[in-house]
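Worksheet: one structure, shown below.
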Amino acid sequence: MKFTLSWLKEHLDTDANLTAILEALTNVGLEVEGVENPADKLGAFRIAKVLSAAPHPQADKLQVLSVDAGNGPLQVVCGAPNARAGLVGVFGSPGATVPSNGMVLKVAAIRGVESNGMMCSFRELELGEDHDGIIELAEDAPVGQVYAQWAQLDDPVIDVSITPNRQDCMGVRGIARDLAAAGLGTLKPLDEVVAGLPPIMPQGAGPDVRTDDAAGCPAFYGQAVRGVKNGPSPEWLQHRLKAVGQKPISALVDITNFVMFGLGRPLHVYDMTKLSGGLVARKAKDSESVVALNGKTYTLTDGMTVIADDAAVHDIGGIMGGEHSGCSDDTTDVLIECAYFDPEHIARTGQKLLLTSDARTRFERGVDPEFLDEGLAIATRLVLALCGGTPSEVTRSGTPPKVGPVVGYDPALAETLGGLAVPQEQQVDILKSLGFTVQPLDGNGDPVEMDEGFEAFRVTAPSWRRDIDGPADIVEEVIRIAGIDNVPSVPLPRTPGVATPTATPEQKLERRVRRAAAARGLNEAITWSFLSEKEAAAVGGGDWTLANPISEDMKVMRPSLLPGLLSATRRNVDRGASSVRLFEVGRRYFADGERATVGFVLAGEKTARGWQTGKAQAFAAHDAKAEVLALLAEAGAPVANLQNFGDASGAYHPGQSGTLRLGPKTVLAEYGVLHPNLAKQFGLSGSVVVAEIFLDAVPLKRKSGFMRAPFTPPALQAVKRDFAFLVPEAVEADALVRAVKGADKKSIVDVRLFDVFVGPGVDEGFTSLAVEITLQPGEKSFTDEELGAISAAVVKAAEKLGGALRG
Amino acid sequence: MTETTALKSGLLADIAAANNLAAVEELRVGALGKQGVITALLKTLGGMSADERLEKGPAIQDLRESVTAAIAERKATLEQAALDARLASEKLDMTLPADIGPVGSVHPVSQVMDELAEIFADLGFSVATGPEIEDDWHNFTALNIPETHPARAMHDTFYFPDVDGAAQRMLLRTHTSPVQIRTMMNQKPPIRIIAPGRVYRSDSDATHTPMFHQIEGLVIDRGITLGHLKWTLETFLKAFFERDDIVLRLRPSYFPFTEPSVEVDVGYTMVNGQRVIGGSDGWLEVLGSGMVHRKVIEACGLDPEEWQGFAFGTGVDRLAMLKYGMTDLRAFFDGDLRWLKHYGFSALDVPTLSGGVGA
Chain C
97 MKFTLSWLKE HLDTDANLTA ILEALTNVGL EVEGVENPAD KLGAFRIAKV
147 LSAAPHPQAD KLQVLSVDAG NGPLQVVCGA PNARAGLVGV FGSPGATVPS
197 NGMVLKVAAI RGVESNGMMC SFRELELGED HDGIIELAED APVGQVYAQW
247 AQLDDPVIDV SITPNRQDCM GVRGIARDLA AAGLGTLKPL DEVVAGLPPI
297 MPQGAGPDVR TDDAAGCPAF YGQAVRGVKN GPSPEWLQHR LKAVGQKPIS
347 ALVDITNFVM FGLGRPLHVY DMTKLSGGLV ARKAKDSESV VALNGKTYTL
397 TDGMTVIADD AAVHDIGGIM GGEHSGCSDD TTDVLIECAY FDPEHIARTG
447 QKLLLTSDAR TRFERGVDPE FLDEGLAIAT RLVLALCGGT PSEVTRSGTP
497 PKVGPVVGYD PALAETLGGL AVPQEQQVDI LKSLGFTVQP LDGNGDPVEM
547 DEGFEAFRVT APSWRRDIDG PADIVEEVIR IAGIDNVPSV PLPRTPGVAT
597 PTATPEQKLE RRVRRAAAAR GLNEAITWSF LSEKEAAAVG GGDWTLANPI
647 SEDMKVMRPS LLPGLLSATR RNVDRGASSV RLFEVGRRYF ADGERATVGF
697 VLAGEKTARG WQTGKAQAFA AHDAKAEVLA LLAEAGAPVA NLQNFGDASG
747 AYHPGQSGTL RLGPKTVLAE YGVLHPNLAK QFGLSGSVVV AEIFLDAVPL
797 KRKSGFMRAP FTPPALQAVK RDFAFLVPEA VEADALVRAV KGADKKSIVD
847 VRLFDVFVGP GVDEGFTSLA VEITLQPGEK SFTDEELGAI SAAVVKAAEK
897 LGGALRG
Chain G
61 MTETTALKSG LLADIAAANN LAAVEELRVG ALGKQGVITA LLKTLGGMSA
111 DERLEKGPAI QDLRESVTAA IAERKATLEQ AALDARLASE KLDMTLPADI
161 GPVGSVHPVS QVMDELAEIF ADLGFSVATG PEIEDDWHNF TALNIPETHP
211 ARAMHDTFYF PDVDGAAQRM LLRTHTSPVQ IRTMMNQKPP IRIIAPGRVY
261 RSDSDATHTP MFHQIEGLVI DRGITLGHLK WTLETFLKAF FERDDIVLRL
311 RPSYFPFTEP SVEVDVGYTM VNGQRVIGGS DGWLEVLGSG MVHRKVIEAC
361 GLDPEEWQGF AFGTGVDRLA MLKYGMTDLR AFFDGDLRWL KHYGFSALDV
411 PTLSGGVGA
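As given, the protein sequences belong to chains C and G, one line each in that order. Going left to right, the first sequence walks through residues 97 to 903 as my numbering numbers them. Going left to right, the second sequence walks through residues 61 to 419 as my numbering numbers them.
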């Protein structure tokens with residue numbers, strides 16, 4: 097909400113300077129977002145008179161002017177069509193900066209003729225859109241004076257952010273009231289502010305207006321003024337509206353805006369000659385439509401409140417008027433509407449139509465329901481003052497809702513809730529200055545005097561404070577005016593001793609896995625939770641699609657972390673990265689919940705070319721497995737008991753991927769080479785291996801004290817033996833390792849596969865697999881017979897899989 | 061000079077003159093081997109009478125010991141020389157680079173969340189979580205934001221399509237505040253929690269991204285006032301920025317779920333053209349907060365006459381930027397390795413109270 101200092105002072109009698117006012121605004125909760133004095137950048141522009149104008153010798157469209165800006169004639173080249181001798185305008189001398197484009201004026205030759213400055217247009221000075229010619233001022237404007245001073249532009253524009261609860265501050269007067277309460281002056285009585293306006297001498301009955309929609313429009317007041325003369329509003333009004341960013345339209349329309357911005361009271365004016373019959377506030381009929389003042393057509397639906405005559409809809413009630421019945425320069429008879437629209441109705445209609453307006457912003461917050469008569473009267477008096485005419489009586493249909501909530505309030509709450517001890521008398525003063533009434537009550541709830549000893553206050557909020565509905569609101573009013581920044585800090589009570597741990601097992605799991613991945617050389621990224629439909633489809637499709645995505649690329653909640661990481665990988669590759677190790681810890685989103693997941697992508701070079709290692713080495717499928725196992729181990733998963741399965745999702749190369757499970761159904765991770773189709777979709781070439789670890793499936797460690805299982809290192813050294821088997825190629829390494837391990841569960845403590853060979857010396861259809869087994873003797877060393885028996889058992893286990901010991 | 065003495069001086073001279081290990085070995089065999097001269101002399105001892113042995117024995121023994129020692133010494137000298145020569149030939153260029161392997165990193169948002177958890181754990185706050193796909197009731201209604209409330213316009217909400225028969229419209233949470241509701245409904249007071257996580261708003265420009273991170277704090281207890289809120293925020297910010305000169309400015313504001321509501325600014329100082337938290341040259345808006353609204357407490361099934369407390373919320377990404385100096389929020393979600401390596405943290409930068417939470 098913007099306003100000027102002079103507008104504020106129309107309502108606030110104050111000696112405070114601008115700095116004090118700005119500080120007070122922020123302190124009472126009206127946050128200052130900006131302050132700008134248009135005169136600041138116009139100091140170098142003076143009123144000047146064109147003494148003579150002659151054609152430019154070299155250019156048809158230019159003229160050579162002689163200009164007096166107070167210090168005698170200067171030669172100025174000018175291209176404006178309206179430049180002529182006798183014109184009084186605004187001149188920028190060399191050194192001045194043109195506000196619209198930042199250009200610094202200097203003495204320069206234009207087509208061979210020296211020019212000593214510039215005659216300016218409104219647009220060049222950022223004072224309007226007019227650029228058809230240079231500014232033309234009244235002939236008697238004082239030549240040589242700083243233009244901004246003369247034009248009263250030396251008036252700071254203050255922009256404050258009004259929170260949604262403060263409908264009363266959507267007008268300058270409400271802001272003035274808050275400042276007065278904060279001790280920055282006195283709020284002038286409204287009668288005094290409008291004292292200069294002519295009184296209303298009504299003639300004839302009020303206009304034919306009524307409300308048939310008591311819910312949407314509980315009150316509809318109207319007053320007609322006949323015989324008005326519309327046209328541009330006077331300079332002071334135009335200036336005021338322009339200063340706050342409003343475009344002046346015509347006197348009648350400008351009056352409604354002046355009342356709205358000044359007093360927070362939206363109004364609407366109709367050209368009566370364009371209406372057929374009376375005006376009714378009613379519910380819209382389905383598919384009725386109206387061309388609004390912004391030129392757009394809105395199709396209305398049942399439930400929206402409109403103002404219509406016998407023929408058509410003329411107003412989207414409380415939001416925007418219609419083009420057809422709007423006032424123009426020809427308007428002679430005007431109907432002024434002053435209605436109360438229900439905030440909830442306004443909000444719903446505005447949301448449905450996606451239509452915002454200054455009126456909606458105010459009605460939806462709730463305008464003062466006791467300010468219909470006065471608001472209408474002020475508007476009518478302004479019409480009389482600026483456009484003349486004869487006023488009718490006021491027609492009043494319906495009644496505005498009764499507000500002014502009554503709250504029982506214990507003044508001790510300022511301290512027990514608000515943390516600030518404010519003396520009772522000061523609390524009463526603050527509340528009164530904001531328009532509240534305060535009645536002390538005794539223990540029986542009967543009114544008493546302040547000094548008679550009271551139990552609580554009965555506080556009645558003013559009609560403009562719809563937001564007040566409980567004692568906490570009263571606390572807020574008291575402490576925001578008393579100074580919320582004065583609240584002293586009070587330590588939270590602390591449990592004695594060292595702080596106890598608070599992290600849950602899930603949180604600790606995520607933290608461990610994250611730092612383990614970083615320790616293993618992976619870089620953590622955070623990617624969007626949403627994907628395009630195409631990306632989501634590539635990983636099986638998502639369960640959640642946004643109804644109002646910000647773009648098609650951010651539409652479906654991700655069912656996998658891979659697409660986001662692959663897109664990030666692609667961006668890194670495009671930036672020249674030769675090796676990418678990215679991981680993310682985040683959620684996947686499904687119909688039945690959100691699942692904690694780790695995803696990673698390893699792409700490009702695993703090791704760069706090097707003097708020790710030779711050529712660069714690419715990532716391979718089993719590199720993904722290594723990371724998965726390492727991270728699962730850190731996550732506390734029983735890595736030794738995990739089962740290798742195939743059946744990774746379609747995102748993976750079907751022959752170079754796998755899953756790790758705890759039992760056949762619980763999948764802890766899937767990993768492998770990215771499916772070439774996905775690699776192509778994400779613009780990646782070369783080796784890309786990926787994985788996802790499903791943290792929600794990892795069994796959480798239960799805390800069972802800190803004691804470890806008892807352990808003493810065995811006295812005897814372990815024995816190692818190597819075996820090489822020829823196995824049918826369909827037999828997977830894991831099957832052989834498990835079979836061998838099972839050959840003697842007591843003695844064989846480890847089986848490590850260390851060689852895989854296919855080629856010369858190995859029959860077609862077979863693979864040579866070599867394993868090293870570790871045997872741990874117990875009390876006594878193994879005898880040759882025992883070792884022989886174990887070896888035989890190992891060979892036999894391999895033979896069951898179709899394997900044969902290599903000779 | 062006896063024969064033995066002559067033999068000794070001859071052998072010792074030969075040993076000293078031997079210039080390779082083979083020559084030393086040859087001398088050893090010649091003297092001490094099975095057929096060696098000293099071995100032969102030792103053998104004569106057995107055939108001697110006791111008197112003769114007493115007379116010649118010591119000299120022969122001395123001969124054997126001296127020669128054995130001389131051979132060992134010579135051998136060691138020659139071996140050392142050979143080793144020195146080999147080592148001299150094995151010189152490597154130790155200025156060649158060594159590969160330390162890939163260096164990973166933790167994202168600043170994760171790091172800051174860990175820092176916050178550490179600080180608030182000391183103040184007795186635990187970490188709570190909730191779903192990001194929320195229903196209308198938890199995100200708005202229970203927080204005293206009815207459907208037509210203008211405050212809903214402040215949240216540019218991402219919605220999911222209406223489902224026929226569904227009781228609630230689903231949406232992406234616009235703030236972490238629904239976790240307040242879930243906590244109050246599932247846990248008996250006193251409550252002290254923080255709730256960090258992803259939140260979403262339909263907003264995108266230089267300083268806004270459609271997804272970002274917030275952290276919510278909630279205290280519900282008896283006799284909690286705005287003064288406790290102020291202390292908590294001061295204490296937290298002092299610990300987070302590891303500075304004692306943190307100055308807060310409280311401003312009245314409005315959030316539907318708190319009353320009174322307070323916007324909190326933190327003072328900064330200009331250092332080399334950058335805003336550094338601490339001091340009060342200027343103010344940065346960092347937190348929204350207030351005393352939990354009675355209606356919210358009631359909506360969660362608690363008695364507002366008995367329980368009151370405060371809530372606050374702030375942007376985790378923003379805290380990270382203020383502490384570590386990043387300037388572009390969008391870079392947080394780009395996954396640019398150059399950025400991650402520059403602004404990221406070592407796996408071992410685990411925030412601790414003893415070591416300081418910052419890294």
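In this text, a Cβ means the ideal position worked out from N, Cα and C, and glycines have one as well.
| Item | Value |
| --- | --- |
| Would you mind working out which of 841(C), 480(C), 151(C) and 160(C) sits nearest residue 958(C), comparing C-alpha positions? | For residue 958(C) there is no data in the structure shown, the boundaries of chain C being 97 and 903. |
| Span of the beta strand (DSSP E) holding residue 174(C)? | 169–174 |
| Relative to the alpha-carbon of residue 282(C), which residue among 271(C), 290(C), 291(C) and 292(C) has its alpha-carbon at the smallest distance? | 271(C) |
| Residue 653(C) CB to nearest chain G CB: under 8 Å? | yes |
| Could you check the C-alpha separation between residue 430(C) and residue 280(G) for me, to the nearest Å? | 58 Å |
| Tell me whether residue 225(C) sits in a helix, a strand or coil according to DSSP, three-state version. | coil |
| With distance defined between alpha-carbon atoms, name the residue in 184(G), 296(G) and 289(G) nearest to residue 251(G). | 184(G) |
| Between residue 870(C) and residue 816(C), which are expected to be in contact by the criterion C-beta below 8 Å, what is the C-beta distance as a whole number of angstroms? | 6 Å |
| Under the three-state reduction of DSSP, which class applies to residue 200(G): helix, strand or coil? | coil |
| Can you give the Cα-Cα distance for residue 174(C) and residue 199(C), rounded to whole angstroms? | 16 Å |
| List the residues of chain G that residue 412(C) touches, going by C-beta distances under 7 Å, in chain order. | Going along chain G, no residue has its Cβ under 7 Å from residue 412(C), so there is no contact; the nearest lies around 16 Å. |
| Which one or two residues does DSSP pair with residue 411(C) in a beta bridge? | 403(C) and 417(C) |
| Quick check on residue 819(C): buried or exposed, where buried means 16 or more other Cβ atoms within 10 Å of its Cβ? | buried |
| Based on the DSSP secondary-structure assignment, which residues constitute the bridge partners of residue 108(G)? | Its beta-bridge partners do not exist; DSSP assigns none. |
| Residue 184(C) and residue 163(C) - do their beta-carbons sit closer together than 8 Å? | no |
| Would you report the Cα separation of residue 73(G) and residue 100(G), rounded to the nearest angstrom? | 20 Å |
| How should residue 388(G) be labelled, buried or exposed, when 16 other C-beta atoms within 10 angstroms of its C-beta is the threshold for buried? | exposed |
| So what's residue 91(G) in DSSP terms, helix, strand or just coil? | helix |
| Counting only beta-carbon separations shorter than 8 Å, does residue 240(G) have a partner in chain C? | no |
| Go through its chain and collect everything with a Cβ distance to residue 245(C)'s Cβ below 8 Å, but skip five positions before and after it. | 135 |
| For residue 816(C), list the residues DSSP reports as bridge partners. | 870(C) |
| Shortest alpha-carbon distance to residue 530(C) belongs to which of 328(C), 279(C), 434(C) and 345(C)? | 279(C) |
| To the nearest angstrom, how far is it from the Cα of residue 226(C) to the Cα of residue 199(G)? | 48 Å |
| Nearest to residue 247(G) by alpha carbon, out of 64(G), 362(G) and 86(G)? | 362(G) |
| Does the distance from the CB of residue 308(G) to the CB of residue 336(G) come in under 8 Å? | no |
| Please list, in chain order, the chain C residues whose beta carbon lies closer than 9 Å to that of residue 179(G). | Simply none; closest approach about 10 Å. |
| Tell me the start and end of each unbroken alpha helix (DSSP H) in the stretch 696–763 of chain C that is at least 4 residues and wholly inside, in chain order. | 717–730 |
| So, is residue 487(C) buried or exposed, given that buried needs 16 or more other C-beta atoms within 10 angstroms? | buried |
| Along the stretch 656–688 of chain C, where does the CB come closer than 9 Å to a CB of chain G? Name the residues. | 660, 661, 663, 664, 665, 667, 668, 671, 673, 675, 676, 677, 678, 679, 680, 681, 682, 683 and 685 |
| Taking C-beta to C-beta, are residue 374(G) and residue 240(G) nearer than 8 Å? | no |
| Determine, using beta-carbon pairs with one atom in the stretch 292–309 of chain G and one in the stretch 604–617 of chain C, whether at least three such pairs fall under 8 Å. | no |
| Could you check if residue 214(C) is buried or exposed, using at least 16 other CB atoms within 10 Å of its CB as the buried criterion? | buried |
| In chain G, what lies closer than 7 Å to residue 619(C) by C-beta? | 164, 165, 397, 400, 401 and 404 |
| Would you say residue 127(C) reaches chain G, if we count a Cβ-Cβ gap shorter than 8 Å as a contact? | yes |
| With respect to the alpha helix (DSSP H) encompassing residue 151(C), which residues constitute its N-terminal and C-terminal limits? | Counting along the chain, residue 151(C) falls outside any alpha helix (DSSP H), though it belongs to the beta strand (DSSP E) covering 141–151. |
| Quick check: is the beta carbon of residue 290(G) nearer than 8 Å to any beta carbon in chain C? | yes |
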